[in-house]
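Engineer: Here's a structure for you.
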Amino acid sequence: MKTSKITLTLTTAALCFGAVNAAWSASETIGLSQESLDHPWLATQRKQIEAGSSTAGVRLLATDGQGNVATQIAGIEDMQSKGIKLLLVQAGKAEGLRQELQSLKERGIPYMFVGKPIENAGAITMVSGDNRALGVDAGQFIVDTLTQKNGKPKGNVVILEGIPGDETSLNRVGGALSVIKKYPDIKVVASQPGDYRRPKAYSVMQNILQAHPPGTLDIVFAANGEMALGAIQAIKESGRSKEIKVTGLDGQREEFDAIRAGDEAATWLYPPAGTEGIAVALKILKGEKVPPKIVLPTVRVTKENVDMVKPAF
Amino acid sequence: MAIAESMSNVSSSERFSNNAYRRIELVQRYGILAIFLLLCMTAALSSPFFLTPDNLLNVVRQVSVVGLTALGMTFVILTAGIDLSVGSILALTTLAVAGLKPYGPVASLAGGIGVAVACGWLNGFITTRGRIQPFIVTLGMMTALVGVGLAYSDGQPVIGVPVSLGWIGRGRVGGVPVQAILFVLMALVSMLILKRTRYGRHVYAVGGNVEAARLSGVAVDRVRVIAYVLSGLFAGLGGIVMAAQLNIGEANLGKGLELDAIAAVVVGGTSLAGGAGGIGGTIIGVLLIGVLNNLLNLLNIPAYTQLIVKGAIIVIAVLIHAQLSRSKGR
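Residue numbers (our numbering), protein chains in the order written: chain A, 110 to 422; chain B, 19 to 348.
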């Protein structure tokens, strides 16, 4: 009795899967591989790509690496075996993926990068913002702000870095430093990792505030929005909001609110590139030519334009 | 051979004076405290900002979330179990607290605690009924609960907790942060449970020797289930503090928290094998890690070096502790 029930269930399940599979093969299928799904930026990217592909009537398979490059590769393999025409890759640990992409190329499956590219990895195209350029513009903003405050480019800067060794963080911080370093009177008095996370940045900022008494800090550069929001919270609680400005990066919705409230001085949009990415992907499917690199514009958001720009996610 | 060895151990230990025993106990109990004080002294000497009352309160406030979680973890580890799902339970609690905002602060709190306790109970239920390693059960739970949180919140942070709850995360009573008071209170309650109640004695019995405990009539499964419920409950309290502090709920707020909590418990001298240790050690372990993080920031130690220092100090602290207990025992 029990056995037959199980058999029945399994058969039904198999039939269902079969039906779904048959439906899939009916139209074109593309794949999306993300490093993880645990950040709003990544969730938004997936949602945009899902929306774009369903409007166009293209089947989308999506997997994510759950923060682990081996898992991401396994997901790519699974999708490849189901027969995808094109793969969209949001590259987590860039170097770890290079080999896998090479072997995809050998098997004749084209791929493109969305959001986070790898240079010289044989992709048809890459659609993303430019972290280094964002960092450079943020550096310029910091220099201008300090000049305005102190009469000349002079002051003390705090940097909240992302996860140690992470490429995005290195590019953003490196870009900002490349500008700041030109002015000897601007000092980076603290540069500490906040791992992109709000709770961590919150306590790191609390500690930094302890080590730098009132009057010794001018501006905080956070390598993403979550950390900027954590830093703002810590600064507010210390009653030093008037003294210390905060800039973020990413342009998430909450940062926009903070800018409106005057808590955050500026942020830069780092678009998830899902909408733009799927548009380019559809062109590729139709056989159209696309440029090898599409860099999404750098948008600086301050109190002046906050009501005219849409948050990145 | 093994029997002969243990026999000789017994007879030699019988020759120990009471003093020697007391000394081992003292070292086991206070060795980690000495290491902690040593770290504090180093901190005080290397940064003029460390010993300011403001900074010390700052440290206590910062450790309270990990601290609350570590209290629950102590119960579980004492029963020779482990709970890897505390970070996910904490995150799910923040989501419940923020998500129930429209129904008012009481519903928010009750919902948060309810979710946390239910998850803890499920951990214990599956572990004891299914006779599965708690490592696997709670590992699965850790992954699944993040999924539940992401699905519930659609991958986005849920903004805003009831205004009156903000007090838990940001308020002060007589200058002392409310969350620090909560941590200290809960630590005292935990200590009382372990030291003064029958349940506490049963926790040690189960962790020390399951079979012996079972034979002497301890309801082993119930003791273990309650330990997981406590672990969930304390992680939930941590979640309420964090949600109140940051005014959001998010599915990944607790990432990595389980390792911080386990490290604090083990640094505090509680054995991963169960049956030995206690809340006092955990408190020191929590403070040790908190002071370390604080000092690394105060001294502006670069990111890569921080990872090395943190890892090394945790291992060295346990190493010194183990060496001290052993050499004095000889």
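Don't be surprised by glycine CBs; every beta carbon is placed ideally from N, CA and C.
Using DSSP bridges, identify the partner residues of E270 (chain A).
Structural biologist: Answer is A:P302.
Engineer: With 8 Å as the threshold, decide whether the Cβ of N73 (chain B) is near any Cβ in chain A.
Structural biologist: yes
Engineer: With L269 (chain A) and A332 (chain A) assumed to form a contact (beta carbons below 8 Å), what rounded beta-carbon distance in angstroms separates them?
Structural biologist: 6 Å
Engineer: With DSSP collapsed to three states, give me the class of Q361 (chain A).
Structural biologist: coil
Engineer: Here's a check: name, in chain order, each residue in its chain whose Cβ is nearer than 6 Å to the Cβ of D304 (chain A), leaving out the five neighbours to either side.
Structural biologist: I272
Engineer: Identify the continuous alpha helix (DSSP H) that holds D172 (chain B) and give its terminal residues.
Structural biologist: Premise fails: D172 (chain B) is in no alpha helix (DSSP H) and is neither H nor E.
Engineer: Check whether the Cβ of L127 (chain B) lies closer than 8 Å to any Cβ atom in chain A.
Structural biologist: no
Engineer: Whether or not the stretch 272–291 of chain A and the stretch 212–229 of chain B are in contact is what I'm after, with contact meaning three or more pairs of Cβ atoms, one per stretch, closer than 8 Å; do they touch?
Structural biologist: Proximity of the stretch 212–229 of chain B to the stretch 272–291 of chain A falls short of the contact definition, fewer than three beta-carbon pairs being nearer than 8 Å.
Engineer: Hey, how far is the Cα of G122 (chain B) from the Cα of E363 (chain A)?
Structural biologist: When rounded, the distance between both Cα atoms is 23 Å.
Engineer: Please state the DSSP three-state secondary structure of T234 (chain A).
Structural biologist: coil
Engineer: Give me the subset of the stretch 170–196 of chain B whose CB atoms are less than 8 Å from a CB atom of chain A, sorted by chain position.
Structural biologist: Against chain A - using a Cβ distance shorter than 8 Å - the residues of the stretch 170–196 of chain B are D172, G173, Q174, P175, I177, R188.
Engineer: Per DSSP, T356 (chain A) forms a beta bridge with which residues?
Structural biologist: A:F330, A:A375
Engineer: Checking contacts by CB at 8 Å: is I353 (chain A) closer than that to chain B?
Structural biologist: no
Engineer: Excluding five sequence neighbours on each side, which residues of the same chain lie with their C-beta closer than 8 Å to the C-beta of L210 (chain A)?
Structural biologist: V198, Y220, I227, A230, G231, A232
Engineer: Looking at the structure shown, is M417 (chain A) part of a helix, part of a strand, or coil, going by DSSP?
Structural biologist: M417 (chain A) falls in the coil class under three-state DSSP.
Engineer: Tell me the DSSP bridge mates of T172 (chain A)?
Structural biologist: Paired residues: A:S142.
Engineer: What are the residues in the stretch 298–317 of chain A lying within 8 Å of chain B by C-beta distance?
Structural biologist: Those would be V298, A299, S300, Q301, P302, R306, R307, P308, Y311, S312, V313, Q315, N316, I317, in chain order.
Engineer: Evaluate K398 (chain A) with the Cβ neighbour count: other Cβ atoms within 10 Å of its Cβ, from every protein chain shown; 16 or more gives buried, anything less gives exposed.
Structural biologist: exposed
Engineer: Let's test the definition: count the other Cβ atoms within 10 Å of the Cβ of T111 (chain B) and tell me whether it reaches 16, buried, or not, exposed.
Structural biologist: buried
Engineer: So if I threshold CB-CB distances at 7 Å, which residues from the stretch 136–156 of chain A count as touching chain B?
Structural biologist: L146, D147, P149, A152
Engineer: What residues in the stretch 266–278 of chain A have a beta carbon less than 8 Å from any beta carbon of chain B?
Structural biologist: E270, P273, G274
Engineer: Tell me the DSSP secondary structure of G224 (chain A) in three-state form.
Structural biologist: Correct three-state label for G224 (chain A): coil.
Engineer: For a contact defined as C-beta to C-beta under 7 Å, what are the partners of F67 (chain B) on chain A?
Structural biologist: Q319, A320
Engineer: Which residue wins for smallest C-alpha separation from M314 (chain A), given the options A:K296, A:I341, A:D327?
Structural biologist: A:I341
Engineer: Are the CB atoms of S136 (chain A) and G166 (chain A) nearer to each other than 8 Å?
Structural biologist: yes
Engineer: Following the continuous beta strand (DSSP E) through V404 (chain A), name the residue where it begins and the one where it ends.
Structural biologist: 402–404
Engineer: Decide if N312 (chain B) is buried, meaning its Cβ has at least 16 other Cβ atoms within 10 Å, or exposed.
Structural biologist: buried
Engineer: Given that a residue counts as buried once 16 or more other Cβ atoms are within 10 Å of its Cβ, and exposed if not, what is I326 (chain B)?
Structural biologist: exposed
Engineer: For T376 (chain A), is the classification buried or exposed, using 16 other Cβ atoms within 10 angstroms of its Cβ as the cut-off for buried?
Structural biologist: Classification for T376 (chain A): buried.
Engineer: If you count every other CB in all the chains shown that lies within 10 Å of the CB of K451 (chain A), and 16 or more means buried, which is it?
Structural biologist: Absent from the model: residue 451 (chain A). The displayed extent of chain A is 110 to 422, so no value can be given.
Engineer: Which residue comes first and which comes last in the alpha helix (DSSP H) that contains L69 (chain B)?
Structural biologist: L69 (chain B) -> no alpha helix (DSSP H), and no H or E assigned at all.
Engineer: Quick one: list the residues of chain B neighbouring Q342 (chain A), beta-carbon separation under 7 Å, in chain order.
Structural biologist: L264
Engineer: Here's a check: name, in chain order, each residue in its chain whose Cβ is nearer than 6 Å to the Cβ of S237 (chain A), leaving out the five neighbours to either side.
Structural biologist: Listed in chain order, the non-local C-beta contacts of S237 (chain A) below 6 Å within the same chain comprise G224, P226, A382, local neighbours out to five positions each way being set aside.
Engineer: Pull up the distance between the alpha-carbon of S64 (chain B) and that of L317 (chain B), whole angstroms please.
Structural biologist: 8 Å
Engineer: Taking just the CA atoms, how far does V329 (chain A) sit from K419 (chain A)?
Structural biologist: Going by the C-alpha atoms only, they are around 24 Å apart.
Engineer: Locate the beta strand (DSSP E) running through L430 (chain A), then write down its first and last residues.
Structural biologist: Look at the range of chain A in this structure, 110 to 422, and you will see that residue 430 (chain A) is not part of it.
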